[in-house]
Every structure is written in structure tokens, then in C-alpha cells.
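Trainee: This is the structure I have questions about; it appears just below.
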Amino acid sequence: MSASSNVTAGGAQQLRLLHTGLSSPYCLDPTPLLERQQQQESNARSYPRRIPLVLERAYGIYVQDSRGQVFVDCLAGAGTLALGHNHPVIIEAITQVMAAGVPMHTLDLMTPVKDAFVQEIFACLPSEFARNARIQFCGPSGADAVEAALKLTRTATGRHSVLAFEGAYHGMTLGTLAISGNLSPKNALGALMPGVQRLPFPHDYRCPFGVAGDQAVTLNVRYLEHLLNDPESGVTAPAAMILEPIQGEGGVIAAPDRWLQELRRLTQAHGIPLIVDEIQCGIARSGRMFGFEQSGITPDVITLSKAIGGGLPLSVMVYNDSLDVWQPGAHAGTFRGNQLAMAAGTATLRFIRDEGLVQHAETVGAHLRNQLQALQNEFAWIGDVRGRGLMLGMEIVDPQGAPDVQGHPPADSIRAKAFQQACLKHGLIVELGGRHGATVRFLPPLIITEEEIDFVAQILFQAARSIS
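Remember, the numbering used here sits 1304 above the position in the sequence shown when you count from 1.
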């Protein structure tokens, strides 16, 4: 796979050499820009608190800060930068659109740029789904695509309640927070969207039923089946069920194939539209073009954002045309006609297809997983390695803590933060997530090579030893 060699003008190689030539640990002290950000930017800012950097230059998987320090970026815009920073095919696509005088702002009016993007989206969808699909352009954030999906299914079914899952993350609007699991952003808000029924998500390492494997899936499905069939369950007929095939913010938890298949069976039997949120795990991230494909199911609605815009803001909802019953203007957005994002997205999708990045993500993802498991074998405070493709996580635990009912030690958020900071000081950007913020998450650009993963592993071992 030669994708990494395509990065423009040797910039990535130059930054790689700079990285290996710099001494560690890096300096993470405040700079004037960081201090001004702290003074002027909202208290809601999040990433700068954990990753206090002023970024000035970036190519491929590398970024350089204002001090000249080079970092390997395994966050990549929370998975947005599928081809890494400043990939030449994206730069070329954007440049061509700008040079051609194409209107940048078109609302939902048709342009050749838009049509090319739509055809590319339909071409990468499973044929069974694409055959009867419609696409809705939404506002620039993934949350707006999820809001559109909720509105569409409520309109089409005439129902109002929604089945959602523990650990889910679907956005930061009032509607998407209502169906998300994390409590911290909603504790201060009071009433959110009503009618949300929370369900357990399968999680081998922290199973809500205290078991694992096939038995956990069976119990989970039986609970849902009982809830849908019991006339005293208290749950009204749902307008939709929404889930992520791989929970990202929830801790990189991949849904078992049989569980997804059983959920599809139950939702079809009860006439419940199934919404699959592919905003983070879609577009080759999981080693499949879409996370749901591994299980062989066909959803009713898919929400997409992040990688589909080639690093620029864009979101869409794709759904079965039987649901297309709403009226003109029922869901709109001023910036749904982002031509630059569509051009960048088309270039990204074509490159992923032409360069075989779906298979590449599966292959190099397995290599990264092996490296993380080698780390786990050396350090007892790495409790679990999980995920698929290039969407992986490690749960950090306290090996001296009281084990849970499954015999696993408790999550250790303090050590997780220390490990993240140690990684940063050695030139690696990773993010935390999951319960108690104790899961170290890896979302590197899809173009990362096995050699670069070995380089990442060297940094991980250095960082781990520095805090042990």
C-alpha cells in the first residue's frame, strides 16, 4: 500500500525526520496563544485541556506545533481526516473547484459537484441498500444528520418514542443528547427530548448482565424481545431504534454480529425503523466501508459525517425510500450545499476505493491491535484491547482495585490521563473516552502504514514505561 508515499512534497517524510530528531520529553508549557485561548474561548472547550498545543503545520499523519515539535496524530480530527492532513488529492479537488468559479454556497440547489458526490456515496453503499435509497443533505455537523433521522422516522411512523443504547454518542444538540449515554453534558440541562428508552449495549469486558460472549448476546436480545412484547413494559411503540455499530466515545465497543442480526430481526418484526449511526465508524474506519456490513444487516437509515467531507464540514442521511414521506422543507439547513466539502468528499471516497483502503484499514488495524496487545502483556494496568480496523481502544485499569462481578479490575481514569500526557510528551496524540474516561482511543488516518504503526508502538512503550 503506497498511500502514505503520495502525501504532498515530501512534507510527511520531513516531519517524520523532525520527529525522530527531536529529544523527548516535549515541552507542553503554556504559550501566549494558549493563554489567550484560555482567556477568550468558552469554558466548554475540551481538547485543548488535554492536548495543549498550537498547531502550525501538518502532512499525512504528522502535525507540528509552534515550538517545532512534531507529533504523530492518532486522533485525526476524531476520525474526520481519513486521508490525513493536506492529502494531495483533497488539495487538488478543492483547488479545482475554486479555480473553476463554482458557487461555494448553493443551499440544496443542484451542481455537477454535488451530483458527483451523490453518485460516489451511492457507489460505496451496499447494493441492496442503495437500490431503494434516498439522500438528505443536512447541516454541517453529524448531530444534524441524527436530528434529521429522528424527525424522519417520527414523521414516517407517526410514533414518538426512540430506543437508544447505554454508552451511545450521537451529538450535542438537545435531541441527540437525549439519545446519548454520557451524563455529564446533560446534567445541567433539565428535560431533554422525551420518550427515549435506554437499552444495554453488549460489552464483553463490562457486561451489564455480568457474563460475556454468546451468553451475553442471548440475554441482551431476550431482554429487548421481552420489552417489545410485554403489554406492561411501559414502552410505547417506537418510532426508531438508533445505534452505533462501534461505539466510539462510549469506549470503542464493537457490537457483536449476532446481536445486530437479532436486532434487525426484531425491528423488522415490529415495524421499527433501524437507524445506524456511521458518523465515526463509517467510511472504511472499521475495515469495512460501513461498520454494519460485517454483520450482513441492511438498516433503514444511515447517518454519515466526519470522513465524507474530506476534512471539511458535511453531513448526510441516507435512507430507504419507503420512509420518504415528509413535506418539502421539513428538514433544511443553510450550509447543506458546501461545494468544497462535496468535492473533497468525492476525492476521498474515490481514493479509498482506488487505493484499497478498506482492506488496508483491516490489515494495518490488525497490526496495530497486535502491538497494543503486546503492550497489554507487559503492563498489568492495560485491562482490555478492543475495536475493529483502525478504530481501536485500550481500557486502563487499576490492577490493585477490587474486581467486578466478571473479575475485571476497575477503570483507572487517573492513570489513563497520565498515560495520555506521557504519550503527548513523547510525540503522540491519542484521545481518551469510554466510562470514566479510561479508554485510550486510536483513530489514525487510514493511510497509516505498518512501519508507521511500529513507530507509534515504540512511542507507546516509551510512554508506558515512563509512568510505570
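C-beta atoms are modelled at their ideal positions from N, C-alpha and C, and glycine is treated no differently.
1. Taking buried to mean at least 16 other C-beta atoms within 10 Å of its own C-beta, is D1448 buried or exposed?
2. Nearest by alpha-carbon distance to P1392: which of D1377, M1414, A1362 and D1369 is it?
3. Using a 10 Å radius around the Cβ and a threshold of 16 neighbouring Cβ atoms, would you call Y1351 buried or exposed?
4. Which term fits C1774, buried or exposed, when burial requires 16 or more other beta carbons within 10 angstroms of its beta carbon?
5. So V1358 packs on L1379, CB below 8 Å; how close in whole Å?
6. So if DSSP puts E1699 in a beta bridge, which residue, or which two residues, is it bridged to?
7. Could you pull out every residue in the same chain whose Cβ sits closer than 6 Å to the Cβ of Q1680, ignoring the five residues on either side in sequence?
8. With distances taken Cα to Cα, identify the nearest neighbour of V1709 among A1541, R1510, P1549 and F1683.
9. Quick check on the burial criterion: 16 or more other C-beta atoms within 10 angstroms. Buried or exposed for I1718?
10. Which residue comes first and which comes last in the beta strand (DSSP E) that contains A1362?
11. In angstroms, rounded to a whole number, what distance separates the CA positions of E1783 and R1654?
12. Fully enclosed by the region 1589-1637, which beta strand (DSSP E) runs are 3 residues long or longer?
13. With DSSP run on the structure shown, which of helix, strand or coil describes N1681?
14. Just confirm the distance between the C-beta atoms of G1329 and H1730, as a whole number of angstroms; I'd bet it's less than 8 Å.
15. According to DSSP, what are the bridge partners of M1646?
16. Suppose you measure from the CA of F1683 to the CA of L1732; what does that come to, to the nearest Å?
17. Measuring CA to CA, which of H1712, C1428, A1648 and V1760 is closest to N1390?
18. Taking the alpha-carbon of T1652 as reference, which of P1603, F1639 and M1593 has the nearest alpha-carbon?
19. Short of 8 Å in beta carbon distance, which residues of its chain neighbour A1722, apart from the five on each side in sequence? Order them along the chain.
20. Compute the Euclidean distance between the alpha carbons of I1398 and A1404, then round it to the nearest angstrom.
21. Mind the definition here: the region 1573-1583 touches the region 1496-1508 only if three or more C-beta pairs lie below 8 Å; say whether that holds.
22. Looking at the structure shown, is P1535 part of a helix, part of a strand, or coil, going by DSSP?
23. In or out: D1377 buried (at least 16 other Cβ within 10 Å) or exposed?
24. Should L1321 be labelled buried (16 or more other beta-carbon atoms within 10 Å of its own) or exposed?
25. With three or more beta-carbon pairs closer than 8 Å as the criterion, would you say the region 1611-1623 touches the region 1438-1453?
26. In terms of residues, what are the limits of the beta strand (DSSP E) holding A1543?
27. Please report the Cβ distance between G1613 and A1645, rounded to the nearest whole angstrom; I am assuming they are in contact, meaning their Cβ atoms lie under 8 Å.
28. Counting only the same chain and skipping the five closest in sequence on each side, list residues whose C-beta sits under 7 Å from that of S1267.
29. Counting only the same chain and skipping the five closest in sequence on each side, list residues whose C-beta sits under 6 Å from that of P1714.
30. Applying the 10 Å Cβ sphere with the 16-neighbour rule, what's the burial state of G1552?
31. So the beta strand (DSSP E) V1367 belongs to, where does it begin and stop?
32. DSSP has R1526 in a bridge; who is on the other side?
33. In the structure shown, what three-state DSSP assignment does T1753 receive?
34. Taking just the CA atoms, how far does L1319 sit from D1369?
35. Do A1611 and G1383 count as a contact pair if the criterion is CB distance below 9 Å?
36. Pick out whichever of E1735, M1414, P1549 and I1587 has its Cα sitting closest to the Cα of I1579.
Mentor: In short, the structure shows the following:
1. buried
2. A1362
3. exposed
4. The structure shown does not extend to residue 1774, since the chain is modelled only from 1305 to 1772, so the question has no answer here.
5. The pair is not a contact, with the Cβ atoms about 16 Å apart (cut-off 8 Å).
6. D1688 and T1743
7. I1686 and V1689
8. R1510
9. exposed
10. L1359 to Y1363
11. There is simply no residue 1783 to check, as the chain begins at 1305 and stops at 1772 in what is shown.
12. 1605-1608 and 1620-1624
13. helix
14. Note on identity: in this sequence residue 1329 is Pro, with Gly being the wrong assignment. Right, their Cβ atoms sit about 6 Å apart.
15. DSSP lists no partner for M1646.
16. 19 Å
17. A1648
18. M1593
19. I1771
20. 10 Å
21. no
22. coil
23. buried
24. exposed
25. yes
26. P1542 to L1547
27. 4 Å
28. A query on residue 1267 cannot be resolved here, the shown segment of the chain reaching from 1305 to 1772 and no further.
29. D1702 and G1705
30. buried
31. Y1366 to D1369
32. DSSP lists no partner for R1526.
33. coil
34. 11 Å
35. yes
36. P1549
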